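Please read the structure below before turning to the comments.
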Amino acid sequence: MTISNTTNTSLAAVANFPPNYFLENIAVRSDGSILVTALNHSELWYLPAPTSTIPVEPILIATLDGLTMGIVETEPDIFYVGTLGDPALYRFDFRGWTPGGAVPSSRVLTFAPDSAGPNGACLLAPNVILVADCVEGVIWRVDLSDDGLSATAKPWLQHASMAPSYTDPFAPVVLSATVQIPMPGVNGVRYAASTGHLYYTGSAAESVLRVSVDPRTYEPKGAPELIAEGIHAVDDFCLDERSGVAYITTHIDNTIHRVPLQPGRGPESAIVAGDPFTDSLVGPSSIVWGRAPGDYGRVAYVTTDGGHAKPPADGIVRPAQVVRLALGDKTVSSA
993 MTISNTTNTS
1003 LAAVANFPPN
1013 YFLENIAVRS
1023 DGSILVTALN
1033 HSELWYLPAP
1043 TSTIPVEPIL
1053 IATLDGLTMG
1063 IVETEPDIFY
1073 VGTLGDPALY
1083 RFDFRGWTPG
1093 GAVPSSRVLT
1103 FAPDSAGPNG
1113 ACLLAPNVIL
1123 VADCVEGVIW
1133 RVDLSDDGLS
1143 ATAKPWLQHA
1153 SMAPSYTDPF
1163 APVVLSATVQ
1173 IPMPGVNGVR
1183 YAASTGHLYY
1193 TGSAAESVLR
1203 VSVDPRTYEP
1213 KGAPELIAEG
1223 IHAVDDFCLD
1233 ERSGVAYITT
1243 HIDNTIHRVP
1253 LQPGRGPESA
1263 IVAGDPFTDS
1273 LVGPSSIVWG
1283 RAPGDYGRVA
1293 YVTTDGGHAK
1303 PPADGIVRPA
1313 QVVRLALGDK
1323 TVSSA
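Using my numbering, read the sequence shown as starting at 993 and increasing by one per residue.
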């Protein structure tokens, strides 16, 4: 376990993966078990609930045609996984599932154009998913059928802050032996019901923004509003609506930032983990709250790539991990 020198946060490895794994996204089920996408292996993994004994042993659930990206739960134990390279959306039904068995799954949507780059995803309303396209620089609205077995997609919002960069020093980003993309544009997306806003990160723009959502149509209202800027390598994030903050992973910068959800309100922006550098947090790509009592706003789970995308300053690539981040009182208190 690593204790941060700058805040009273702690990091502990929950699961370890073999060398050359790039863990991309994460979701926690209601029973505390965890689903993880391994981008460069096109895989979906299951982790038993990390309760008394850690690390736990990962269990492979599925291998898909494209690179596995964002995960979103639309109803209890129904999850959708996006893929890049072969841009699509898959449905997984974990209802009644026990480890060792097959998980019913189906492909419900193929994105057009072929160059689409589905990345982060979130649930906006019943049967309505928003998917960040980090290659096309757009957020897609995906409307599911009543049974969830088919879907349609249309552009929901496009803005300059969502555009990828082909000239960034880190471009092109090599995701696998066959897939490379520009520096990603829009990356993570999360909806905050408390503020009525969709929050998103723009990796190439090094920014966090939000846009108001019409509560009747679930369409965007007005122009995006800047929340934070100058955060290099900004990636996925989670929201603490009670404290009015977001916790943001900075993938190749190996840190987690806290920023207020409303400019000028709540705690000041700060790095809460990874400064100084710790090998417990190398290549953080996504973050989500645990679902045990008291976890919200306190205990989060983070996927890492171990430096696969970019090794840290010491040049050493570590095994990819799922890490538990415990935040102390000072980290989450409101101003």
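Beta carbons: idealized from backbone N, C-alpha and C, even for Gly. Bear in mind the structure is a predicted one, so any value in this text is a computation, not a measurement.
Query raised in the report: Can you give the beta carbon distance from TYR1191 to LEU1231, rounded, assuming they're within the 8 Å contact cut?
Result: With 8 Å as the limit, TYR1191 and LEU1231 qualify as a contact, their Cβ atoms being about 7 Å apart.
Query raised in the report: Are the Cβ atoms of MET1061 and ASN1111 separated by less than 7 Å?
Result: Between MET1061 and ASN1111, the C-beta spacing is below 7 Å.
Query - From VAL1130, THR1170, PRO1068, residue whose alpha carbon lies closest to that of ALA1104 - result: Out of VAL1130, THR1170, PRO1068, VAL1130 has the C-alpha closest to the C-alpha of ALA1104.
**Report entry** Cβ distance (whole Å) where ALA1348 is taken to contact LEU1253 below 8 Å
**Finding:** Outside the modelled stretch of the chain, which goes from 993 to 1327, sits residue 1348, for which no answer is possible.
Report task. Using beta-carbon positions only, say whether ILE1223 and HIS1249 come within less than 7 Å of one another. Result -> Yes, the Cβ-Cβ distance between ILE1223 and HIS1249 is below 7 Å.
**Report entry** LEU1101, DSSP secondary structure in three states
**Finding:** In this structure, LEU1101 counts as strand in the three-state DSSP scheme.
Requested in this report: Following the continuous beta strand (DSSP E) through GLU1016, name the residue where it begins and the one where it ends.
Outcome: Counting along the chain, the beta strand (DSSP E) containing GLU1016 begins and ends at 1015 to 1020.
Requested in this report: Using the Cα positions of VAL1100 and SER1277, report the straight-line distance between them to the nearest angstrom.
Outcome: VAL1100 and SER1277 have their alpha carbons spaced roughly 26 Å apart.
**Report entry** Candidates ALA1019, PRO1011, VAL1274, of which the one nearest VAL1280 by Cα
**Finding:** Considering only alpha carbons, the answer is ALA1019.
Query raised in the report: Taking the runs of the beta strand (DSSP E) that are 3 residues or longer, which of them lie wholly in the segment 1221 to 1246?
Result: If only complete runs of 3 or more residues are kept, the segment 1221 to 1246 shows the beta strand (DSSP E) at 1226 to 1232, 1237 to 1242, in order along the chain.
Report task. Decide if ALA1152 is buried, meaning its Cβ has at least 16 other Cβ atoms within 10 Å, or exposed. Result -> ALA1152 is exposed by the Cβ-count criterion.
Query - Between the CA atoms of ARG1283 and ASN1032 - distance to the nearest angstrom - result: Computed Cα separation, rounded: 27 Å.
Query raised in the report: Sorted by chain position, which residues of the same chain lie with C-beta nearer than 8 Å to ASP1160's C-beta, five sequence neighbours on each side aside?
Result: Counting only Cβ-Cβ distances below 8 Å, and skipping sequence neighbours, we find PRO1174, MET1175, ALA1196.
Query - Cut-off 7 Å between Cβ atoms - residues of its own chain near LEU1059, not counting five sequence neighbours on either side - result: Same-chain partners within the cutoff: LEU1031, ASN1032, SER1034, THR1075, LEU1076, GLY1077, LEU1167, SER1168, VAL1171.
Query raised in the report: Taking the continuous beta strand (DSSP E) assigned at ASN1111, which residues delimit it?
Result: Here the beta strand (DSSP E) through ASN1111 covers 1110 to 1117.
Report task. Please report the Cβ distance between VAL1309 and GLY1320, rounded to the nearest whole angstrom; I am assuming they are in contact, meaning their Cβ atoms lie under 8 Å. Result -> Their Cβ separation, rounded to whole angstroms, is 30 Å, which puts VAL1309 and GLY1320 out of contact at 8 Å.
**Report entry** Chain-order list of residues whose beta-carbon lies under 6 Å from that of PRO1042 (same chain, five-residue window excluded)
**Finding:** Take PRO1042, set aside five residues on each side of it, and the residues of its chain with a beta-carbon closer than 6 Å to its own are VAL1006, VAL1048, in chain order.
Query - With 16 other Cβ atoms within 10 Å as the buried cut-off, status of SER1325 - result: With a pLDDT of only 32 at SER1325, under the threshold of 50, the placement of this residue in the model should not be trusted; the figure read from the coordinates follows. With fewer than 16 other beta carbons inside 10 angstroms of its own, SER1325 counts as exposed.
**Report entry** Among TYR1210, ASN1000, ASP1306, VAL1073, the one whose alpha carbon lies nearest that of LEU1149
**Finding:** Taking only the C-alpha atoms, the option nearest LEU1149 is TYR1210.
Query - Nearest candidate by alpha-carbon position, reference VAL1203, set LEU1122, SER1235, ASN1008 - result: Of LEU1122, SER1235, ASN1008, the residue nearest in Cα terms is LEU1122.
Query - Distance between beta carbons of GLU1198 and VAL1226, contact taken as under 8 Å - result: Yes, VAL1226 and GLU1198 are in contact; Cβ-Cβ is about 6 Å, under 8 Å.
**Report entry** Cut-off 6 Å between Cβ atoms - residues of its own chain near GLN1313, not counting five sequence neighbours on either side
**Finding:** Closer than 6 Å at Cβ, skipping near neighbours: ALA1005, ASN1008, THR1296.
Query raised in the report: Got a sec, what are the start and stop residues for the beta strand (DSSP E) GLN943 sits in?
Result: The displayed coordinates of the chain run from 993 to 1327. Any statement about residue 943 would go beyond what the structure contains.
Query - Three-state secondary structure (DSSP) of SER1044 - result: Three-state result, SER1044: coil.
Requested in this report: Counting only the same chain and skipping the five closest in sequence on each side, list residues whose C-beta sits under 6 Å from that of VAL1181.
Outcome: Excluding positions up to five away in sequence, the list reads GLY1112, CYS1114, LEU1122, ALA1124, TYR1192.
Report task. Note down, in chain order, each residue of its chain lying with its Cβ closer than 6 Å to the Cβ of VAL1291, except the 5 sequence neighbours on either side. Result -> Result list for VAL1291: GLY1282, ALA1318, in chain order.
Query raised in the report: Could you give the distance in angstroms between the alpha-carbon of LEU1015 and the alpha-carbon of THR1029?
Result: Rounded to whole angstroms, LEU1015 to THR1029 spans 6 Å at the Cα level.
Report task. Drop a sphere of 10 angstroms on the beta-carbon of GLY1307, count the other beta-carbons inside from all chains shown, and report buried for 16 or more, exposed for fewer. Result -> Exposed is the call here.
Query raised in the report: Just reading off the beta strand (DSSP E) that GLY1024 is part of, what are its end residues?
Result: Judged by DSSP secondary structure, GLY1024 falls outside any beta strand (DSSP E); it is assigned neither H nor E.
**Report entry** Burial state of ARG1087 (16 or more Cβ within 10 Å)
**Finding:** By the neighbour-count rule (16 or more Cβ atoms within 10 Å), ARG1087 is not buried but exposed.
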